[in-house]
Amino acid sequence: MSPVRRFLVRVLPLLLSALLAGCGAPAPRDGAERDIREAVADWSRTPPAALAGIPLEGWAYEVSAVRRDGAAATARAELRYRLSGYDAAAAGSAREVRLTRDGGRWQVTGDRAAPGALPQLWDQGPVTVVRGAHALVLGVGQEAGTLSAIAAEADRAVPAASAAWPGPWAGRAVVLVPGSLERMAELLGRPAAEYRGMGAVTTGRVGAAPAPAPADRVVVNPQGWGQLSPSGRGVILTHEVTHVATRAATTATTPLWLSEGFADWAGYRGTQVTPEQAAPALARAVRRGEVPGALPGAEDFAFGGDPEALARAYEGAWLACRLIAGRWGEAALVDLYGRAGREPWPVAVRGALAVDPDALTKDWQEALRAEFR
1 MSPVRRFLVR
11 VLPLLLSALL
21 AGCGAPAPRD
31 GAERDIREAV
41 ADWSRTPPAA
51 LAGIPLEGWA
61 YEVSAVRRDG
71 AAATARAELR
81 YRLSGYDAAA
91 AGSAREVRLT
101 RDGGRWQVTG
111 DRAAPGALPQ
121 LWDQGPVTVV
131 RGAHALVLGV
141 GQEAGTLSAI
151 AAEADRAVPA
161 ASAAWPGPWA
171 GRAVVLVPGS
181 LERMAELLGR
191 PAAEYRGMGA
201 VTTGRVGAAP
211 APAPADRVVV
221 NPQGWGQLSP
231 SGRGVILTHE
241 VTHVATRAAT
251 TATTPLWLSE
261 GFADWAGYRG
271 TQVTPEQAAP
281 ALARAVRRGE
291 VPGALPGAED
301 FAFGGDPEAL
311 ARAYEGAWLA
321 CRLIAGRWGE
331 AALVDLYGRA
341 GREPWPVAVR
351 GALAVDPDAL
361 TKDWQEALRA
371 EFR
């Protein structure tokens, strides 16, 4: 064997062993990076004084990356917190913390949402806090009287949602009220045009609830809210709070029409609103002979398309849930909702209503014809 080959036979196993031992081992951090991480940890031990009125707990920044440029540095971090007494699970936010070195020590000079991440309400300005019996309202750029009125409406919406949905939920709601439609869109990460004319939305995504339940927020569109009648505000807020209440029972198998229709049913429940008043778009279509061929699909609830078609989807979903509650009973509607989140749709319908899905659709179509003849 040549000297070179003898050298490789002896050395290569040692190199391979060293490489394998290094796999997965974290790269060593220099002293400056350690100091930056410690500075962020020290700064974030307590929430900022400006947030003192918000009932925060579990406040913590976990740094994931550090970028240094001379006497300046940026730390990427994940903020975790809960609103005490309201959140069943921690809320999260990707943040970018800016630091500068002064006199040999790193000091935090700024904190904002990381690029591509959603901002927090307090990123938009000073937060005013109003506590209700069942709701916590946080507002920016709003008069205290406006926030108090929303808190009173939320205090009525929470018991209404509980009466419609007897399943387990926290029985409390957090309502965010930004200063404008554009600010609302920033919080949700969507174009403002999608929310124009809407009174409120929830942050949790219908049909994809993780476990444990997320830290849901109801976000009010101040522009749309101002255009609603007092009764309309009650219906809208009860609708959104019902989404919060049913979130833990809502999964990818729950039809979107059932989720939206149930929330509307809860909103209208106990009112004197008639189908003629609440479903004008669908009434016009049925009278033209355009009875829907099927219950609304998920695509029918997409924003940005034909507003009449969107209205017909929501109205048809509500009237389907109204039919179920009226013919089979409210308990059967609640049972159907729970089953739909854990069973295939045909199995859920047969188990809750003792009919098949086609029969349910036909009953709904006949009810529309009878209602709007």
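First residue of the sequence shown? That's 1 in our numbering, and the numbers climb one at a time after it.
All residues carry an ideal CB built from backbone N, CA and C; glycine is no exception.
Keep in mind it's a predicted model, so treat the numbers as computed, not measured.
Within the same chain, and ignoring the five residues on either side of D155 in sequence, the residues whose Cβ sits closer than 8 Å to its Cβ are G132, A133, H134, A135. Burial state of E240 is buried, judged by a 10 Å Cβ sphere holding 16 or more other Cβ atoms. Here P126 is exposed. Its C-beta has fewer than 16 other C-beta atoms within 10 Å. The criterion of a C-beta distance shorter than 8 Å is satisfied by E260 and Y314. For G139, the enclosing beta strand (DSSP E) starts and ends at 135-139.
Comparing C-alpha distances from R322 to each of R76, E343, W257, G304 shows the shortest one belongs to W257. A direct Cα-Cα distance of roughly 59 Å separates Q272 from A39.
The beta carbons of T202 and V220 sit about 11 Å from each other, so the pair does not count as a contact at 8 Å. For Y195, the secondary structure class from DSSP, reduced to helix, strand or coil, is helix. Judged by DSSP in its simplified three-state form, D42 adopts helix.
Sixteen is the threshold: since fewer than 16 other Cβ atoms of the shown chains lie within 10 Å of the Cβ of Q227, the residue is exposed. Around the Cβ of P307, a 10 Å sphere holds fewer than 16 other Cβ atoms; the residue is exposed. By the C-beta density criterion, D102 is exposed, having fewer than 16 other C-beta atoms within 10 angstroms. For the pair A72 and R34, the Cα-to-Cα distance works out to about 14 Å. Residue pairing from DSSP places Q107 in a beta bridge opposite T100. Following the DSSP letters along the chain, one finds W59 inside the beta strand (DSSP E) bounded by residues 56-69.
Residue pairing from DSSP places V175 in a beta bridge opposite V137, V218. Pairing L118 with T250, the inter-Cα distance amounts to about 24 Å.
R82 is a Cβ neighbour of A90, given a cutoff of 8 Å. For L79, the pairing in a beta bridge is given by DSSP as Y61, S93. Contact between the stretch 284-300 and the stretch 230-249 is not established, with fewer than three Cβ pairs separated by less than 8 Å. With respect to the 8 Å criterion, R247 and G199 are not classified as neighbours on the basis of their beta carbons.
From the listed residues L353, P344, L310, the smallest Cα separation to W328 is found for L353. Taking C-alpha positions only, G171 is separated from A49 by approximately 29 Å. Annotated as proximal: Q223 and S180, with beta-carbon spacing under 8 Å. Going by beta carbons, S64 and R80 fall outside the 8 Å limit. Between the alpha carbons of M184 and R373 lies a gap of roughly 41 Å. Cα atoms of R369 and A309: separation of roughly 18 Å, rounded to the nearest angstrom. As computed with DSSP, T74 is found in a beta bridge with R67, R98. In the DSSP assignment, R112 is bridged to E96. In summary, E153 is buried, with 16 or more beta-carbon neighbours lying within 10 Å of its beta-carbon over all protein chains present.
The C-beta separation of W265 from A164 comes to about 7 Å, placing the pair in contact by the 8 Å criterion. The three-state secondary structure of A332, taken from DSSP, is helix. Distances from the alpha-carbon of D87 to those of Q365, A215, R37 put A215 closest. One alpha carbon belongs to T128, the other to E343, and they sit about 43 Å apart.
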